[in-house]
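In our numbering, the protein residues as written are 1 to 366.
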Amino acid sequence: MPYEVQGVVSRAKGEPVSLETVIVPDPGPGEAVVAIKACGVCHTDLHYREGGINDEFPFLLGHEAAGYVEQVGEGVTDVEPGDFVVLNWRAVCGTCRACKKGKPWYCFSTFNASQPMTLADGTPLSPALGIGAFMEKTLVHSGQCTKVDPSAEPAVVGLLGCGVMAGIGAAMNTGAVSRGDSVAVIGCGGVGDAAIAGAHLAGATTIIAVDMDDAKLEWAKEFGATATLNTRGKSHDEVVEAVQELTGSFGADVVIDAVGRPETWKQAFYARDLAGTVVLVGVPTPDMRLDDMPLIDFFARGGSLKSSWYGDCLPSRDFPMLVDLYQQGRLPLDKFVTERIAVDGVEQAFARMHKGDVLRSVVVFD
């Protein structure tokens, strides 16, 4: 029998979200209904509300979630009712050309639930990243459910579902940070701080946090930053020179751009060592362009220029490992949680996000 729950819906571009009745169908083949215990308020949800993803309104928001599998559909064997799971938005298919090459983190045919969730009047909803978890129950493809240690706190480990995994993976998977490396991270919000945590976990010895906000730079120290650089009022050259000074005059082995703007990407490009690596994990808008970059500089500096998709993660591999590291006290995932809120507080959480007052607000369900 379908479930009737209250969910956070974005009906039109730029308009405040509303709490509305949502109909969640029984799971069909390959699907699962998950009882959500907690869901982080991610900047991607705000992008949906602002029309920055697409215009398929109305959207059902929320995607950084953890909870318990409540019901599964026909043919589901990887999870069963009662399993504690973190939801992911890249359920790999196993059969596309990337999966067949042994690189499932690049899967080109990821799964979502086939059935729509709807408003009470039957209007189909577009769930954020195929999840839609600002409500007590949601419908997903079973491959979007990753089993983790059930003793972990949902409000903490659910953040692996998007931003925290994107940052940790940008350092550990995409950037391949290793012991003794020097790393600079530009942009110290949730994703940037997660990249710092990932670099620290991987054994980097110099980790430079780069931002325009002193409060964010202080936060970055809690995740492993060994040096901070406030770029407010500094020119491009001054930023590059400051990173070089902090790395023996050479530049960092890996520079991670967690902002995703042309100016920050250029800073990352020139602030790295020769043959160093640049990782772009901040998401640019479609109108952004790179200008005045001499092609000879790309050739002469060598190295790697990479984009990080979801931290190039494989949820079945990475989520349980990172939850275990958190449980062992080796990964401070709990420090990302700034506040716990009720489901009717999402719009206010967006406002605090705009002001830079929080790393993560997390909606918690009893």
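The beta-carbon is built from N, C-alpha and C at its ideal position, and this holds for glycine as well. Remember, it's a predicted structure, so these values are computed and weren't measured experimentally.
_At 3 residues or longer, what runs of the beta strand (DSSP E) sit wholly inside the segment 56-110?_
64-72, 84-87
*asked:* What does the Cβ neighbour count give for P29, buried or exposed, with the cut at 16 atoms within 10 Å?
replied: Reading the sequence shown from its first residue, position 29 is the one you call residue 29. Exposed is the call here.
*For L305, write down the residues that DSSP places opposite it in a beta bridge.*
Walking along the sequence shown from the start, residue 305 turns up at place 305. V278, per the DSSP bridge assignment.
*asked:* In whole angstroms, give me the CA-to-CA distance for C145 and D297.
replied: Numbered from its first residue, the sequence shown carries residue 145 at position 145. Numbered from its first residue, the sequence shown carries residue 297 at position 297. Their Cα atoms are separated by approximately 44 Å.
*Give the range of the beta strand (DSSP E) segment to which I23 is assigned.*
Within the sequence shown, residue 23 is the residue found at index 23, counting from 1. Per DSSP, I23 belongs to the beta strand (DSSP E) from 18-24.
*Backbone CA spacing between I196 and G122 [nearest angstrom]*: Taking the first residue of the sequence shown as 1, we reach residue 196 at position 196. Taking the first residue of the sequence shown as 1, we reach residue 122 at position 122. Roughly 44 Å between the two C-alpha positions.
*Any heavy atom of the ligand PLP closer than 7 Å to the Cβ of E50?*
This structure does not include the ligand PLP; it has no bound ligands of any sort.
*Excluding five sequence neighbours on each side, which residues of the same chain lie with their C-beta closer than 6 Å to the C-beta of Q115?*
In the sequence shown, residue 115 corresponds to position 115, counting from 1. P25, G28.
*From which residue to which residue does the beta strand (DSSP E) around S361 run?*
In the sequence shown, residue 361 corresponds to position 361, counting from 1. Segment 361-364, the beta strand (DSSP E) holding S361.
_Rounded distance between the beta-carbons of D149 and D324, thought under 8 Å_ = Position 324 of the sequence shown, counted from the first residue, corresponds to residue 324. Position 149 of the sequence shown, counted from the first residue, corresponds to residue 149. That belief holds up - the Cβ atoms of D324 and D149 are roughly 6 Å apart, short of 8 Å.
_Ordered list of alpha helix (DSSP H) runs contained in the segment 220-293, each at least 4 residues_ = 236-245, 262-271
*Looking at C-alpha atoms only, which residue of V346, D318, S361 is the closest neighbour of K335?*
Working through the sequence shown from its first residue, we reach residue 335 at position 335. The candidate whose alpha carbon is nearest that of K335 is S361.
_Any 3 or more C-beta pairs closer than 8 Å across the segment 94-106 and the segment 34-42_ = no
*asked:* Whole angstroms are fine: how far does the CA of T338 sit from the CA of Y326?
replied: Along the sequence shown, one-based indexing puts residue 326 at 326. Along the sequence shown, one-based indexing puts residue 338 at 338. The alpha-carbon atoms of Y326 and T338 are separated by roughly 17 Å.
_Between A120, A35, K216, which has its C-alpha nearest L368's C-alpha?_
Since the displayed the chain opens at 1 and closes at 366, residue 368 lies outside it and no answer follows.
*Classify P16 as buried or exposed, calling it buried when 16 or more other Cβ atoms lie within 10 Å of its own Cβ.*
By 1-based counting over the sequence shown, the position of residue 16 is 16. When all chains shown are included, P16 counts as exposed.
*Who are the near neighbours of V371 in its chain, counting only those whose CB is closer than 6 Å to its CB and skipping five residues on each side?*
In the structure as shown, the chain starts at 1 and stops at 366, and residue 371 therefore has no counterpart that could be examined.
*Could you give the DSSP three-state label for K13: helix, strand or coil?*
Mapped onto the sequence shown, residue 13 falls at position 13. Three-state DSSP puts K13 in coil, outside helix and strand.
*Would you check if the distance between the CB atom of A271 and the CB atom of A184 is smaller than 8 Å?*
Indexing the sequence shown from 1 puts residue 271 at position 271. Indexing the sequence shown from 1 puts residue 184 at position 184. Yes.
*asked:* Does the structure place the segment 218-227 close enough to the segment 199-209 that three or more beta carbon pairs sit under 8 Å?
replied: yes
*asked:* In the DSSP output, which residue or residues are listed as bridge partners for A35?
replied: One-based indexing of the sequence shown puts residue 35 at position 35. Answer is Y68, K137.
*If I'm right that M353 touches L46 with Cβ under 8 Å, what's the distance once you round it to whole angstroms?*
Along the sequence shown, read from residue 1 onward, the residue named residue 353 stands at position 353. Along the sequence shown, read from residue 1 onward, the residue named residue 46 stands at position 46. M353 to L46, Cβ: 7 Å. Contact.
*With a 10 Å radius around its C-beta and 16 neighbouring C-beta atoms as the bar for buried, classify P294 as buried or exposed.*
Mapped onto the sequence shown, residue 294 falls at position 294. When all chains shown are included, P294 counts as exposed.
_Cβ-based burial, D287 [other Cβ within 10 Å; buried from 16]_ = Here residue 287 refers to the residue found at position 287 of the sequence shown. Burial call: exposed.
*What is the rounded straight-line gap between the Cα of K216 and the Cα of G192?*
Your numbering for residue 216 matches position 216 in the sequence shown. Your numbering for residue 192 matches position 192 in the sequence shown. Computed Cα separation, rounded: 10 Å.
*What three-state label does DSSP hand I186 in the structure shown?*
What you label residue 186 is simply residue 186 of the sequence shown in a count that begins at 1. In the structure shown, I186 sits in a strand (DSSP, three-state: E or B).
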